[in-house]
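Each residue of the sequence shown is one higher than the one before, counting from 4 in the numbering used here. This report concerns only the one structure given below.
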Amino acid sequence: MDGAQGHPRRDTTPDAPGHGARLPEIRAELDGALLLVTKIEDDRLPLEEAERALGAALEHVYAALADLGDHALYRAETKAAVDRVREALAQLMTVPSEDPVAERAAATIARALGSLQQVSWSLVDGLSLPTEGAARVWLAASMHTPRLLDLRRRVLRPAIPLEARPPSIPVAEPEVIPAAPKTLEALLSLAAAHRERLAAFEADAEEEEEEEAPPPALAPPPPRLDEALIRERFGEAITDETLVRERARDCMDDLAMLGRMRRCTDPEPWASGEESERRLLTKVDAIAACGVQVFPHLVHLLDDRPIPDPELTFGNVFFFLSIAGDDAFDQAVRLLEVAELTEPGMLEMCTDALVFAPHPRIDGALRRWARRAEPDWRAMAVEALRRRRALDRGLFDALGNDDDPRVLASLARAIPSFAGGAPPGALGWFLQHEAEDVVRGALESALRLRQRIGFDRAVELTQAQDGAWADAVMFVAIGGGDDALPVLEDDIASAGSPTALRALGWYGHPRFVPFLLGRLTHGDEASKAAALDALERITGASIIDAALIVEPEPGQEPFRGRAPESYAPPGLLDGTPEAWAEWWERWKPDQPGRFRWGAPRSTRSTAHELCEPEFLQRDRLWALLEHGLYAPAPPLDVVDLVVRQRAALVGVRRGAPQA
């Protein structure tokens, strides 16, 4: 069994039949009610109290499921769950509400209450819930890669983030004002009543004065201490519980920030996020060490956010998916259910959490979510399955006609990972799709599979329109041989986009250097940057100061015996056209061929670029695609954790032949 220690799985006793509602179904119903509470708009209802009561009820349900082997504990937990469900229902019935969501939530809670009152004891298959016991001091989440933490703990209390609402104002009872007297007799009667009340009040006051004895003499009070000075010198006194909760909150904030920091941008070295990833994993251990009692407080950090917080959502989801047990997994799902997946960055960060986390239930849940009606859920699930290399042929067939381009793009990129191959004609259908991301994904798969159909489609797109669409001209440069030369020449003659200029660098033919030097002089800023990048990729000149060009070491002269392994990215290049033109006139090659950094292009150069941490993230996918044309391609995801990328690249350098 994966995850935490469990309990007996199969009911073999004839005197314990499971009739009526079962606890897993009741748990799901209470979960649905908890999610409905987040959507109630009636500000008069005490939603925070209802959320806490439902969370406590779910905690008791989980505890009952974990205590199936002890009938007395099981009955005690189910009884406590009934009490908390009643409390939650009472909170939603405090004031009459016409909010339809509130009515649905109350009906769901009432239905769950009825089922819970009639539930009978029965064993349940397939559960993985924690058991309490001596705490383990060994926490392994930070051991290089994400690991599942099998903690000895009690079940956690479910929680859900709520939006901030204005404080509820108690409804004051209307003051009853007597009617004004209309006759003389009524006025005299009212005056007499007031005189009687005044006389009684004066009599009570005189009686109190007579009964009061003189107070004894008191000692002079001690000098008053300056509380502000005490706080300044000694600090605020806080409880241990508060201190641990604050430490856990700080670690969760760090975990959220590091989840974003680990994603290196295109101009950064691909391994630049390695230290952030290492620190990220240590934060998981640190939060787990704070104890299960702080976990609900971490969820409520998402309360009252002015805008959706993708980073904090990532932190919470990744953390709970790093803890063994169905209760931790269900908590992560609750957070995904309330996440605004349409917000910028949210889908990306949630997908990262699902890809990196080690919980054993993730793949099965992703396959179910891939069939949901909501397009954002399908896009997240299919992309996570692709990156986890868990997308199967059956799901591919079911989603092949999906109307969301994000889903289709993920399917197109996943084709090389199918053991039996994709359905006949699927790759060609994706290549002809109208969405750019879908076509780009299909071009990647065709190149990985070394199928000519992809190169032909890239040539067609480059000749028919701008080669920058779907990066078609890049696929022509990387996947083509001599037949790509005229296509590239025609493209730069007609358009010459920055993408086309970078493609010339990847193709590596010296014939294009004069054209690139011209763009370095006369192009716009984007074209100059692309031309400079292409010149460096062909020549390896590494001119970082036009006034001080470093002479190559003996035996490492460009185009005259230089080894690709000797090249290191120089950093920021100097784009002075005269310096590059002078360098080219001195070192340009005499022999024909295609070059990379002043050496013949080969799998040695792509292996060097894939393995060395100084190379840029921007070029990583192209280096992987080019390497796979001439050598076995490693199972590499270029946006995966750095430690996993390093593991996938073991042996890539070995025996790399000349291309």
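Even glycine gets a Cβ: it sits at the ideal position worked out from N, Cα and C.
Beta-carbon within less than 8 angstroms of residue i's beta-carbon, same chain only, minus the 5 sequence neighbours each way: which residues are those?
{"i": "residue 641", "result": "273, 620, 623, 624, 627 and 648"}
{"i": "residue 57", "result": "33, 36, 37, 40, 87, 88, 91, 112 and 161"}
{"i": "residue 604", "result": "511, 596, 597, 598 and 662"}
{"i": "residue 104", "result": "39, 42, 43 and 44"}
{"i": "residue 615", "result": "571"}
{"i": "residue 306", "result": "164, 165, 166 and 167"}
{"i": "residue 420", "result": "389, 392 and 394"}
Taking the alpha carbon of residue i as the point to measure from, which residue in the options has its own alpha carbon closest?
{"i": "residue 89", "options": "116, 65, 80 and 318", "result": "116"}
{"i": "residue 376", "options": "399, 355, 363 and 407", "result": "407"}
{"i": "residue 562", "options": "367, 590, 152 and 582", "result": "590"}
{"i": "residue 550", "options": "572, 576, 559 and 542", "result": "576"}
{"i": "residue 374", "options": "403, 364 and 352", "result": "403"}
{"i": "residue 310", "options": "339, 417 and 166", "result": "166"}
{"i": "residue 149", "options": "208, 411, 454 and 286", "result": "286"}
{"i": "residue 384", "options": "156, 396 and 370", "result": "370"}
{"i": "residue 321", "options": "298, 306, 308 and 307", "result": "298"}
{"i": "residue 108", "options": "54, 62 and 227", "result": "54"}
{"i": "residue 453", "options": "482, 431, 131 and 471", "result": "482"}
{"i": "residue 31", "options": "74, 62, 579 and 52", "result": "62"}
{"i": "residue 477", "options": "493, 466, 506 and 340", "result": "506"}
{"i": "residue 409", "options": "387, 397, 382 and 400", "result": "382"}
{"i": "residue 580", "options": "525, 569, 633 and 487", "result": "525"}
{"i": "residue 156", "options": "134, 164, 338 and 177", "result": "134"}
{"i": "residue 502", "options": "480, 487, 230 and 343", "result": "480"}
{"i": "residue 485", "options": "462, 467 and 471", "result": "462"}
{"i": "residue 83", "options": "567, 65 and 72", "result": "65"}
{"i": "residue 312", "options": "289, 277 and 348", "result": "348"}
{"i": "residue 397", "options": "424, 391 and 247", "result": "424"}
{"i": "residue 567", "options": "495, 600, 266 and 345", "result": "600"}
Give me, in chain order, the residues of the same chain whose beta-carbon lies closer than 7 angstroms to that of residue i; leave out the 5 immediate sequence neighbours on both sides.
{"i": "residue 469", "result": "498 and 500"}
{"i": "residue 630", "result": "606, 609, 610, 613 and 636"}
{"i": "residue 504", "result": "519, 522, 530, 533, 534 and 537"}
{"i": "residue 436", "result": "411 and 442"}
{"i": "residue 473", "result": "439, 442, 443, 446 and 464"}
{"i": "residue 571", "result": "617"}
{"i": "residue 102", "result": "43, 44 and 45"}
{"i": "residue 574", "result": "547"}
{"i": "residue 552", "result": "546, 582 and 586"}
{"i": "residue 387", "result": "354, 357, 358 and 369"}
{"i": "residue 140", "result": "Any reading at residue 140 needs caution, since the residue's pLDDT is 48, under 50, leaving its predicted position unreliable; the model's value is listed next. Closer than 7 angstroms at the Cβ level, and outside the excluded window around residue 140, lies no residue."}
{"i": "residue 60", "result": "33, 84, 87, 88 and 91"}
{"i": "residue 652", "result": "613, 614, 637 and 639"}
Could you tell me which residues DSSP pairs with residue i in its beta bridges?
{"i": "residue 603", "result": "598"}
{"i": "residue 272", "result": "619"}
{"i": "residue 152", "result": "326"}
Please go through the same chain and pick out, in chain order, the residues whose beta-carbon is closer than 6 angstroms to the beta-carbon of residue i, but skip the five residues on each side of it.
{"i": "residue 49", "result": "94"}
{"i": "residue 378", "result": "407"}
{"i": "residue 548", "result": "577"}
{"i": "residue 671", "result": "In the structure displayed, the chain extends from 4 to 662; residue 671 sits before or after that span and is not available."}
{"i": "residue 269", "result": "620 and 621"}
{"i": "residue 433", "result": "415, 441 and 445"}
{"i": "residue 429", "result": "none"}
{"i": "residue 106", "result": "none"}
{"i": "residue 569", "result": "559"}
{"i": "residue 338", "result": "319 and 320"}
{"i": "residue 263", "result": "314"}
{"i": "residue 471", "result": "500 and 502"}
{"i": "residue 193", "result": "184"}
Check the C-beta distance from residue i over to residue j and give it rounded, since I have them as a contact under 8 angstroms.
{"i": "residue 541", "j": "residue 564", "result": "Between residue 564 and residue 541 the Cβ distance is about 17 angstroms, and since that is not below 8 angstroms, they are no contact."}
{"i": "residue 426", "j": "residue 405", "result": "Wrong, their Cβ atoms sit about 14 angstroms apart, outside the cutoff."}
{"i": "residue 342", "j": "residue 316", "result": "5 angstroms"}
Touch check for the segment 587-600 and the segment 501-515: three-plus C-beta pairs under 8 angstroms? yes
Would you call the segment 351-364 in contact with the segment 181-189, where contact means no fewer than 3 C-beta pairs closer than 8 angstroms? no
Any chance the segment 250-264 sits against the segment 286-296, with 3 or more Cβ pairs inside 8 angstroms? yes
If we count Cβ pairs, one from each stretch, closer than 8 angstroms, do we get three or more for the segment 322-336 versus the segment 223-242? no
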